[in-house]
Ligand SMILES: Cc1cc2nc3c(=O)[nH]c(=O)nc-3n(C[C@H](O)[C@H](O)[C@H](O)COP(=O)(O)O)c2cc1C
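Listed below in structure tokens is the structure:
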């Protein structure tokens with residue numbers, strides 16, 4: 001059986017989770033600026049959409065984003081293989097299969113977390129993608145579904161998928177409850193059990209294991225990196241993006257820049273997108289948390305959210321938002 005190439009160890013330490021409606025190309029460009037060494041993930045795109053949909057929009061990606069993974073949804077091996085090929089041809093560095101999403105829509109389509117009950121089908125899908133592309137093919141999954149807390153069943157899922165050629169797993173370290181919980185509740189209610197991700201790494205040291213779920217701050221992320229190959233942050237990275245910058249600095253020695261410096265470094269991207277006709281609101285919405293917890297952070301957010309949707313909004317709005325922060329006031333003093 002052909003094995004997917006391993007991801008270099010350093011490129012696994014820090015990653016930003018795939019998040020529908022959030023981790024689009026503008027968000028990823030911003031995150032790349034903050035964390036030059038993080039691995040970035042797209043929103044989930046269904047294999048059928050990749051094949052038949054508007055690829056320019058669905059697979060939009062900027063060359064500064066590398067390394068960046070395309071996350072696919074689906075469970076038909078031939079379609080996934082075709083979508084993986086298209087994704088890699090578009091420049092994505094990794095193809096990740098979603099085996100963790102619990103939404104009703106996804107269950108109806110027989111993909112996402114319910115695939116944890118079908119390790120054979122996931123293995124077939126992985127084998128088809130590994131056969132189709134030279135890039136790493138990885139899987140993001142939960143610990144189990146509903147009230148199944150059987151370690152051996154979880155390990156058998158991983159082993160079956162690893163035998164099909166997958167070497168890297170992102171473990172969202174809680175179960176998915178497929179009945180009665182919304183996707184949002186499914187990110188909060190089922191208890192986190194990081195010990196299973198750690199145990200997986202101990203029992204299968206040849207596999208690359210990244211832990212995800214509820215990682216809220218810098219020190220927590222570092223503690224995970226000392227146990228497994230990497231930490232993947234979702235909501236904390238989105239709502240407090242400067243956390244990514246601090247983690248990149250700690251893990252990779254990247255020189256620390258201020259929030260204002262980082263924002264100003266985004267200007268070429270913003271100007272280029274505005275020139276292409278992209279409205280500022282599509283970029284600004286990802287920047288709202290940059291001054292999270294800082295003096296003037298709320299005012300920064302307010303200036304952006306009130307102004308970004310207005311016709312003609314441009315870089316001046318970002319300058320105006322920056323001006324109300326404590327950082328700008330400190331520099332001016
Ligand atoms: C708005 C939102 C959208 C998400 N969309 C996806 C998705 O497309 N694919 C996926 O595998 N997980 C998705 N997730 C789950 C995250 O990738 C992650 O597993 C989860 O939020 C737990 O990590 P966190 O506690 O660090 O946020 C989404 C989460 C959020 C908040």
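Numbering (my numbering), first residue to last: 1 to 333. Glycine is no exception: its CB is placed at the ideal position from the N, C-alpha and C atoms. Keep in mind the model is a prediction, meaning the values are calculated, not measured.
{"Check": "Quick one: residues in its chain with C-beta nearer than 7 Å to the C-beta of residue 174, no 5 flanking neighbours on either side, listed in chain order?", "Outcome": "142, 143, 190, 191, 192, 193 and 213"}
{"Check": "Is the CB-CB distance between residue 81 and residue 128 below 8 Å?", "Outcome": "yes"}
{"Check": "Using DSSP with H/G/I as helix, E/B as strand and the rest coil, what is residue 209?", "Outcome": "strand"}
{"Check": "Just to confirm, is the Cβ distance from residue 282 to residue 90 under 8 Å?", "Outcome": "no"}
{"Check": "Considering only C-alpha positions, which residue in the set 75, 46, 10 and 14 is nearest to residue 341?", "Outcome": "Coverage of the chain is limited to positions 1 through 333, which leaves residue 341 absent and any answer about it impossible."}
{"Check": "Could you check whether the Cβ of residue 234 sits closer than 7 Å to any heavy atom belonging to ligand 1?", "Outcome": "yes"}
{"Check": "Taking DSSP's pairing of strands, which residues face residue 41 in a bridge?", "Outcome": "69"}
{"Check": "Taking the alpha-carbon of residue 5 as reference, which of 108, 48, 135 and 265 has the nearest alpha-carbon?", "Outcome": "135"}
{"Check": "Please find out if some non-hydrogen atom of ligand 1 comes closer than 7 Å to the beta-carbon of residue 140.", "Outcome": "yes"}
{"Check": "With respect to the alpha helix (DSSP H) encompassing residue 171, which residues constitute its N-terminal and C-terminal limits?", "Outcome": "Taken as a continuous stretch (DSSP letters only), residue 171 belongs to no alpha helix (DSSP H), being part of the beta strand (DSSP E) at 168–172."}
{"Check": "Among residues of its own chain, excluding the 5 on either side of residue 39, which ones have a beta-carbon nearer than 6 Å to its beta-carbon?", "Outcome": "11, 15 and 67"}
{"Check": "Compute the minimum distance between the beta carbon of residue 172 and the heavy atoms of ligand 1, and state whether it is under 7 Å.", "Outcome": "yes"}
{"Check": "Between residue 49 and residue 106, what straight-line distance do the alpha-carbon atoms span, to the nearest angstrom?", "Outcome": "14 Å"}
{"Check": "Given this structure, state the Cα-to-Cα distance separating residue 180 from residue 324, to the nearest angstrom.", "Outcome": "44 Å"}
{"Check": "Please classify residue 95: does DSSP put it in a helix, a strand, or coil?", "Outcome": "strand"}
{"Check": "I want to know whether the region 199–210 touches the region 40–47 - three or more CB-CB distances under 8 Å.", "Outcome": "no"}
{"Check": "Grouping DSSP H, G and I as helix and E and B as strand, with all else coil, what is residue 120?", "Outcome": "helix"}
{"Check": "If you reduce the DSSP assignment to three classes, tell me which class residue 144 lands in.", "Outcome": "coil"}
{"Check": "Looking at residue 95 and ligand 1, is the gap between the Cβ and the nearest heavy atom below 7 Å?", "Outcome": "no"}
{"Check": "Could you check which residue in 79, 84 and 77 has the C-alpha nearest to that of residue 59?", "Outcome": "84"}
{"Check": "Taking just the CA atoms, how far does residue 299 sit from residue 148?", "Outcome": "46 Å"}
{"Check": "With DSSP collapsed to three states, give me the class of residue 14.", "Outcome": "strand"}
{"Check": "Going by beta-carbon coordinates alone, are residue 139 and residue 130 separated by less than 8 Å?", "Outcome": "no"}
{"Check": "Can you check DSSP and say which residues form a bridge with residue 230?", "Outcome": "210"}
{"Check": "Taking 7 Å as the cut-off, is the C-beta of residue 190 nearer than that to any heavy atom in ligand 1?", "Outcome": "no"}
{"Check": "Could you check whether residue 126 and residue 178 sit closer than 8 Å to each other, using their CB atoms as the reference points?", "Outcome": "no"}
{"Check": "What do you get for residue 115, buried or exposed, if any count of 16 or more other CB atoms within 10 angstroms of its CB means buried?", "Outcome": "buried"}
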